[in-house]
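Data first, discussion second: the structure below is written as structure tokens.
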């Protein structure tokens, strides 16, 4: 079975779920290929020389570049080579599509060229937004088309158009979502109730994770500050303003904390401003983006993981925290409510409610036994319900079913 994964960039440090999936499927014998617009050297360098991802280097295919001023001849030549590599019957299907003008036919042909020349059994768009305008890709070559919706694509992309995903719903041979909460959001965005869909949550390689040793007793004192960790892109959807507000409230009530935020993004200046405005400069440290092995070291440091998102498809970071035995305080933002088991692996509060989040942080700081119990429960839940082996089984079954639907 040949599967082509379509992503904007590969690999990407903030999207290890894609690289882990690709590596895992390849090791299961699936003929995996990745089509992307960019594959920067600096992203590859984030993975150690012995990392299994490097075995996929020759399976990464770049889309042809857009025609740029000053490089017209070279760009046209590359486009022509890409189009020529497409099987002739498929190429004729594109060019004979009389529902589009000639310009649109050629654009579609060139956009799909890297995928079509691979003659895949399945083309999988890893984000729903990537599939918009590409839904005829299977009709030309008889390839099954599947799509993942992971959160942001259903949360806010295309809200100005009620029919933004209409062609995706009607054309896909399989829809994947991370959680039932996300499927409910898909229904709100126009997905038919009878549309075939599959829930495959994120997974962790629990066998390779060292579970953190919890610090006992009450924390949050001068001598033993509570260590709080957050991991994620510096993006408005992650709710860092609400998280920092909650921490400021807890500090003003007498709790002593140390906070580390791992990640980078477009809101870098804004988040630094929020920290300063709330008087948290000496308390909150921005660590920046880190490779996976160094993020694991941060989980070993943490007493508590906090996720204040306003929307989440599921949240890999919160799952990884539980796998490391770190209790979680999170909002109930869509998939997070399926991710964190309230009262057992962490405490779940409402979105945009920093007062309740501050109270939850303080409650866990005061109770070492509860932190230890939640950490143990989280590690066990991650191991038994979100194992990487089971997830790969689910992906293979998902793709095989999509192929049967297409036939």
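Numbering (this note's numbering), first residue to last: 996 to 1402.
All residues carry an ideal CB built from backbone N, CA and C; glycine is no exception.
Please read all numbers here as calculations on a predicted model, not as lab measurements.
With DSSP run on the structure shown, which of helix, strand or coil describes residue i?
| i | result |
| --- | --- |
| residue 1208 | coil |
| residue 1044 | coil |
| residue 1370 | helix |
| residue 1066 | At residue 1066 the pLDDT is 47, less than 50, meaning the model places this residue with poor confidence; the figure from the coordinates comes in the next sentence. Coil, per DSSP. |
| residue 1283 | strand |
| residue 1058 | coil |
| residue 1050 | helix |
| residue 1139 | strand |
| residue 1347 | coil |
| residue 1020 | helix |
| residue 1028 | strand |
| residue 944 | Here the chain has residues from 996 to 1402 only, and residue 944 is not among them. |
| residue 1325 | strand |
| residue 1152 | coil |
| residue 1122 | coil |
| residue 1214 | coil |
| residue 1299 | strand |
| residue 1171 | strand |
| residue 1033 | strand |
| residue 1331 | helix |
| residue 1165 | helix |
| residue 1262 | coil |
For residue i, collect the residues of the same chain with a Cβ closer than 8 Å to its Cβ; drop the 5 residues on either side in sequence, then sort them by chain order.
| i | result |
| --- | --- |
| residue 1007 | 1013, 1014, 1038 |
| residue 1141 | 1117, 1118, 1119, 1120, 1167, 1168, 1169, 1170, 1171, 1393, 1394, 1397 |
| residue 1321 | 1207, 1224, 1294, 1297, 1298, 1299, 1300, 1370, 1373 |
| residue 1023 | 1387, 1391 |
| residue 1213 | 1219, 1360, 1361, 1362, 1363 |
| residue 1250 | 1215, 1221, 1356, 1357, 1360 |
Pick out whichever of the options has its Cα sitting closest to the Cα of residue i.
| i | options | result |
| --- | --- | --- |
| residue 1305 | 1114, 1370, 1256, 1232 | 1232 |
| residue 985 | 1149, 1145, 1114 | Residue 985 is absent from the structure shown; the chain starts at 996 and stops at 1402. |
| residue 1010 | 1122, 1338, 1201 | 1122 |
| residue 1179 | 1365, 1330, 1348 | 1330 |
| residue 1130 | 1158, 1163, 1154 | 1163 |
| residue 1255 | 1279, 1229, 1194 | 1279 |
| residue 1230 | 1260, 1252, 1253, 1209 | 1260 |
| residue 1354 | 1384, 1346, 1248 | 1248 |
| residue 1204 | 1043, 996, 1337, 1292 | 1292 |
| residue 1378 | 998, 1318, 1349, 1128 | 1318 |
| residue 1221 | 1227, 1252, 1195, 1194 | 1252 |
| residue 1055 | 1043, 1016, 999, 1282 | 999 |
| residue 1034 | 1048, 1025, 1128 | 1048 |
| residue 1302 | 1366, 1385, 1342 | 1342 |
| residue 1349 | 1266, 1243, 1026, 1382 | 1243 |
| residue 1137 | 1026, 1112, 1143 | 1112 |
| residue 1380 | 1345, 1199, 1352, 1290 | 1199 |
| residue 1021 | 1265, 1044, 1043, 997 | 997 |
| residue 1209 | 1160, 1368, 1157 | 1368 |
What do you get for residue i, buried or exposed, if any count of 16 or more other CB atoms within 10 angstroms of its CB means buried?
| i | result |
| --- | --- |
| residue 1237 | buried |
| residue 1028 | buried |
| residue 1187 | exposed |
| residue 1005 | buried |
| residue 1151 | exposed |
| residue 1241 | buried |
| residue 1274 | exposed |
| residue 1288 | exposed |
| residue 1258 | buried |
| residue 1217 | exposed |
| residue 1201 | buried |
| residue 1262 | buried |
Apart from the five residues on each side of it in sequence, which residues of its chain come closer than 6 Å, Cβ to Cβ, to residue i?
| i | result |
| --- | --- |
| residue 1401 | 1139, 1168 |
| residue 1308 | 1145, 1146, 1173, 1177, 1330 |
| residue 1064 | In this predicted model, residue 1064 has a pLDDT of only 43, less than 50, meaning its place in the structure is not dependable enough to derive any value. |
| residue 1058 | 1032, 1109 |
| residue 1069 | Per-residue confidence for residue 1069 stands at a pLDDT of 48, beneath the threshold of 50, marking its modelled position as unreliable; the derived number appears in the next sentence. Here the set comprises nothing. |
| residue 1282 | 1255, 1257 |
| residue 1126 | 1120, 1142, 1163 |
| residue 1066 | Only weak support exists for where residue 1066 lies, its pLDDT of 47 falling under 50; the value from the coordinates is given anyway. Hits under 6 Å: none found. |
| residue 1153 | 1159 |
Taking Cβ to Cβ, would you say residue i is nearer than 9 Å to residue j?
| i | j | result |
| --- | --- | --- |
| residue 1334 | residue 1359 | no |
| residue 1147 | residue 1174 | no |
| residue 1326 | residue 1234 | yes |
| residue 1041 | residue 1197 | no |
| residue 1387 | residue 1019 | yes |
| residue 1193 | residue 1053 | no |
| residue 1376 | residue 1336 | yes |
| residue 1316 | residue 1323 | yes |
| residue 1025 | residue 1002 | no |
Residues in the same chain with beta-carbon distance under 7 Å from residue i, minus the five sequence neighbours each way, listed in chain order, please.
| i | result |
| --- | --- |
| residue 1270 | 1239, 1276, 1279 |
| residue 1190 | 1164, 1170 |
| residue 1399 | none |
| residue 1017 | 1000, 1027, 1029, 1051 |
| residue 1290 | 1226, 1257 |
Check whether the Cβ of residue i sits closer than 8 Å to any heavy atom of the ligand ADP, and report yes or no.
| i | result |
| --- | --- |
| residue 1297 | As presented, the structure is devoid of all ligands, the ligand ADP included, so that no description of it is given. |
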